[in-house]
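Participant: One structure is given below, represented as structure tokens, and several questions about it will come after.
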Amino acid sequence: MRTWNWCLLGLLLLTIAARAEQGTAPVFIDTGGLTGSVVPGSPIRVFRGVPYAAPPVGRLRWRPPQPAPAWKGIRDCTRFGPSCPQPPARIVPEQEGKQHEDCLYLNVWTAARQGDRRPVAVWIHGGGFSIGSGAQSVYDGRHFARNGVVVVSINYRLGPFGFLAHPALSAESPRGISGNYGLLDQVAALQWVQRNIAAFGGDPRNVTIMGESAGAVSVGCLLTSPLSRGLFHRAILQSGVPAFETTLEQAEATGSEIAGQLGSDDPAELRARSAEALLAAADPRVGLFGRGRRLWPVVDGYVLPRPPMEVFASGQHHDVPIMVGTNADEGTLFLRQLPIRRPVGYRMLVSRMFGDQADRVLEMFPARSADEVRPALGHLITVAVFVAPTRRLARALEAQRSPVFVYHLSRVSPGGQRSGMGATHGVDVLYVFRTLPPGWTDEVDSRVSETMHAAWVRFANAGDPNGGGLPKWPSYTAAGDAHMQFGDRPRTRHGLWVRACDVLDQVSAR
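Positions in the sequence shown are counted from 1; adding 25 to them yields this note's numbering.
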């Protein structure tokens, strides 16, 4: 897509800039000394490819992350570490660095001086738990660093490396479980932050976890996992909530199918298989409706004791300030995975998704002609997969002590208009990180990006996006149903596709 061509241009410019960066003075963490780069003309230091756990290779494949080994001397952290193994995907056209199972690295952006204690934002990338990397150029943290936030972006194991469960692997575990290795990686990264972020001028007592898509689902999992208690103090979920109920038994059945493809159920033999063979056998699904097996978090009774949405409903999650939101055209990104262009095909899909409640859904999202099918399908995905679950989460959180702030990004850039994608899934990241590609946006987008970024900075500082001349953003209540709409002119609005969300809530409860 033309949008991603501009992203690639942005990557090239960042690469050229990186070549001009100068080295930093050494920083010392619990595993040794390291040096990074200084962004030219700024006080921002960037440390790339910092190991936070031991390489999960060989006998450590499909095991919880282990401590990173110490090193002697000063480690060069001026280049990103490898991305975790993943299938090719047009949805993520650039992956910096090579792919390797030795991929448990993180990156730090900071402008802090010695002795500072600045707020910390830990970014968890999206990609359906199958693709992505903390090194993607759209996650460049320099703007947050310039505004006083220390940013950490992380890699975590993906697909069959991060989320494969199997009866034989569960039998090896003292807790009788398997899978969720990618979530355990995220916990290990947060533990690293607690031990080491002060060396970069960050405050371990003021940590915000934030993520988009699968990264937001990860944030939701961490909010409900007992293993992450005390490791963060606020959370941001962008375009994703943990509305899944996959059991260990279901995940093990999927893992057994994959092992069958590899011709063995023996853990030692499976660990000896190449990464390429494992990816080919697993065929992890990319996107909501892509082909392949879905490999993602599992309710295992330990990392996730119960389905996360049940935990939120019972009020047993970590009670911290939360920001959660969606984009106006989330569904358009996934339409290319659904070659449905006739009303009859649309009705069949809705029937598969909603069963005997399909007619109620079709009344809310009708498509009576071929021209209406694609817009109706995109809107249905937006509301059913993103907006309605987000409202359910916000209503569950409202009963707790900590505030919840809901947003909705409706601004459509010139590039979004030309492509027909609108405010699609993932575009919020460009506004939040201020990595909007040139030629795809205009001065209105720059202002919206400035406002969103400033609100995220305020939230990372104090758990409240208000103040500093920003538009008033009330906390969420079901009665008020307020959200901050980031349109051409950001402002508070009340109610978002209320009737459609009401119907979908009723359908999901059946």
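Glycine residues also receive a C-beta, built at the ideal position from the N, C-alpha and C atoms.
(1) Could you pull out every unbroken beta strand (DSSP E) segment of at least 3 residues lying fully inside the region 346 to 413, listed in chain order?
(2) How many angstroms separate the CA atom of residue 329 from the CA atom of residue 169?
(3) For the beta strand (DSSP E) holding residue 432, just list the boundary residues, first then last.
(4) My understanding is that residue 131 touches residue 214, with C-beta atoms under 8 Å, so please give their C-beta distance in whole angstroms.
(5) When you compare the CB positions of residue 105 and residue 142, do they come within less than 8 Å of one another, or not?
(6) Residues bridged to residue 260 by DSSP?
(7) Can you tell me the Cα-Cα spacing of residue 151 and residue 385, whole angstroms?
(8) In whole angstroms, what separates the C-alpha of residue 122 from that of residue 480?
(9) Where does the unbroken beta strand (DSSP E) through residue 135 begin, and where does it stop?
(10) Kindly confirm or deny that the region 258 to 267 and the region 177 to 188 touch, where touching means at least three C-beta pairs closer than 8 Å.
(11) Drop a sphere of 10 angstroms on the beta-carbon of residue 199, count the other beta-carbons inside from all chains shown, and report buried for 16 or more, exposed for fewer.
(12) Whole angstroms are fine: how far does the CA of residue 94 sit from the CA of residue 103?
(13) Any idea if residue 391 is buried or exposed, counting beta-carbon neighbours within 10 angstroms, 16 or more meaning buried?
(14) Name the two residues that bound the continuous beta strand (DSSP E) containing residue 510.
(15) Could you give the residue range of the alpha helix (DSSP H) that holds residue 283?
(16) Grab the span of the alpha helix (DSSP H) containing residue 333 for me, first residue to last.
(17) By DSSP's criteria, residue 71 is part of a beta bridge. Which residues make up the other side?
(18) Could you pull the DSSP bridge partners for residue 302 from this structure?
(19) Short check: CB of residue 156 to CB of residue 311, under 8 Å?
(20) Hey, residue 454 and residue 313: beta-carbon distance below 8 Å or not?
(21) Run the CB neighbour count on residue 527, radius 10 Å, all protein chains shown included, and call it buried at 16 or more, exposed below.
(22) Is the distance from the Cβ of residue 145 to the Cβ of residue 233 below 8 Å?
(23) Alpha carbon to alpha carbon, how far is residue 393 from residue 368? Give it in angstroms, no decimals.
(24) Could you spell out where the alpha helix (DSSP H) holding residue 484 opens and where it closes?
(25) Does the region 275 to 291 come close enough to the region 190 to 197 that 3 or more CB-CB pairs lie under 8 Å?
(26) Please report the distance separating the alpha-carbon of residue 99 from that of residue 92.
(27) When you compare only the Cα positions, how much space is there between residue 6 and residue 500?
(28) Taking 7 Å as the limit between beta carbons, can you name the residues of its chain near residue 197, skipping five residues before and five after?
(29) Give me, in chain order, the residues of the same chain whose beta-carbon lies closer than 7 Å to that of residue 252; leave out the 5 immediate sequence neighbours on both sides.
(30) Count the CB pairs spanning the region 292 to 305 and the region 451 to 467 that are closer than 8 Å, and state whether there are at least three.
(31) Quick one, which of 75, 383, 140 has its alpha-carbon nearest residue 128's?
(32) Using only alpha-carbon positions, find the residue among 67, 478, 316 that is nearest to residue 137.
(33) Below 6 Å CB to CB, which residues in the same chain sit around residue 283 once its five sequence neighbours on both sides are set aside?
(34) Where residue 432 and residue 273 are concerned, what is the direct C-alpha to C-alpha distance, given to the nearest angstrom?
(35) Where do the N-terminal and C-terminal ends of the alpha helix (DSSP H) with residue 542 fall, by residue?
(36) Check whether the Cβ atoms of residue 226 and residue 135 sit closer than 8 Å, and answer yes or no.
Facilitator: Reading off the structure:
(1) 347 to 352
(2) Against the sequence shown, residue 329 aligns to sequence position 304. Against the sequence shown, residue 169 aligns to sequence position 144. So the alpha carbons of these two residues sit roughly 31 Å apart.
(3) Along the sequence shown, read from residue 1 onward, the residue named residue 432 stands at position 407. Segment 429 to 434, the beta strand (DSSP E) holding residue 432.
(4) Looking up residue 131 in the sequence shown gives position 106. Looking up residue 214 in the sequence shown gives position 189. With 8 Å as the limit, residue 131 and residue 214 qualify as a contact, their Cβ atoms being about 6 Å apart.
(5) As a first step, residue 105 must be located in the sequence shown, where it is residue number 80. As a first step, residue 142 must be located in the sequence shown, where it is residue number 117. Result no, Cβ atoms of residue 105 and residue 142 do not sit closer than 8 Å.
(6) Numbered from 1 along the sequence shown, position 235 holds the residue referred to as residue 260. DSSP output for residue 260 lists 234, 347 as bridge partner(s).
(7) As a position in the sequence shown, residue 151 is number 126, starting the count at 1. As a position in the sequence shown, residue 385 is number 360, starting the count at 1. About 32 Å.
(8) In the sequence shown, counting from the first residue as 1, residue 122 sits at position 97. In the sequence shown, counting from the first residue as 1, residue 480 sits at position 455. Because residue 122 carries a pLDDT of 48, less than 50, the predicted location of this residue cannot be relied on, and the following value inherits that uncertainty. Roughly 32 Å separates the two Cα atoms.
(9) Here the question's residue 135 lines up with position 110 in the sequence shown. From DSSP, the beta strand (DSSP E) with residue 135 extends over 130 to 135.
(10) no
(11) Here the question's residue 199 lines up with position 174 in the sequence shown. The residue is exposed, with fewer than 16 neighbouring Cβ atoms inside 10 Å.
(12) Within the sequence shown, numbered from 1, the residue matching residue 103 stands at position 78. Within the sequence shown, numbered from 1, the residue matching residue 94 stands at position 69. For residue 103 and residue 94, the distance between alpha carbons rounds to 19 Å.
(13) As a working mapping, residue 391 is identified with position 366 in the sequence shown. The residue is exposed, with fewer than 16 neighbouring Cβ atoms inside 10 Å.
(14) Counted from its first residue, the sequence shown places residue 510 at position 485. First-last of the beta strand (DSSP E) with residue 510: 507 to 511.
(15) Counting from 1 along the sequence shown, the entry for residue 283 is found at position 258. Counting along the chain, the alpha helix (DSSP H) containing residue 283 begins and ends at 273 to 287.
(16) Working through the sequence shown from its first residue, we reach residue 333 at position 308. It spans 333 to 339 - the alpha helix (DSSP H) in which residue 333 sits, taken as one unbroken run.
(17) Here residue 71 refers to the residue found at position 46 of the sequence shown. Answer is 62, 134.
(18) Along the sequence shown, one-based indexing puts residue 302 at 277. Under DSSP, residue 302 takes part in no beta bridge, so it has no partner.
(19) Position 131 of the sequence shown holds residue 156. Position 286 of the sequence shown holds residue 311. Yes; because the gap between Cβ atoms is below 8 Å, this pair is in contact.
(20) Counting from 1 along the sequence shown, the entry for residue 454 is found at position 429. Counting from 1 along the sequence shown, the entry for residue 313 is found at position 288. The answer is no: Cβ separation not under 8 Å.
(21) As a first step, residue 527 is located in the sequence shown; it is residue number 502 there, counting from the start. Label assigned to residue 527: exposed.
(22) Locating residue 145 in the sequence shown gives position 120, where the first residue counts as 1. Locating residue 233 in the sequence shown gives position 208, where the first residue counts as 1. Yes; because the gap between Cβ atoms is below 8 Å, this pair is in contact.
(23) The residue you call residue 368 lines up with position 343 of the sequence shown. The residue you call residue 393 lines up with position 368 of the sequence shown. Their Cα atoms are separated by approximately 6 Å.
(24) Here residue 484 corresponds to residue number 459 of the sequence shown, with the count starting at 1. Taken as a continuous stretch (DSSP letters only), the alpha helix (DSSP H) holding residue 484 covers 468 to 487.
(25) yes
(26) One-based indexing of the sequence shown puts residue 99 at position 74. One-based indexing of the sequence shown puts residue 92 at position 67. Each residue's alpha carbon lies about 19 Å from the other.
(27) Nothing can be reported for residue 6: it is not among the residues displayed for the chain, which extend from 26 to 535.
(28) The sequence position of residue 197 within the sequence shown is 172, counting from 1. Here the set comprises 292.
(29) Within the sequence shown, residue 252 is the residue found at index 227, counting from 1. These residues qualify, in order along the chain: 212, 328.
(30) no
(31) Along the sequence shown, one-based indexing puts residue 128 at 103. Ranking 75, 383, 140 by Cα distance to residue 128 puts 75 first.
(32) The residue you call residue 137 lines up with position 112 of the sequence shown. Checked all of 67, 478, 316; the closest Cα to residue 137 is 67.
(33) Numbered from 1 along the sequence shown, position 258 holds the residue referred to as residue 283. Taken in chain order, the residues that qualify are 306, 307.
(34) Numbered from 1 along the sequence shown, position 407 holds the residue referred to as residue 432. Numbered from 1 along the sequence shown, position 248 holds the residue referred to as residue 273. So the alpha carbons of these two residues sit roughly 34 Å apart.
(35) Coverage of the chain is limited to positions 26 through 535, which leaves residue 542 absent and any answer about it impossible.
(36) Numbered from its first residue, the sequence shown carries residue 226 at position 201. Numbered from its first residue, the sequence shown carries residue 135 at position 110. Against a cut-off of 8 Å, the Cβ pair of residue 135 and residue 226 comes out as a contact.
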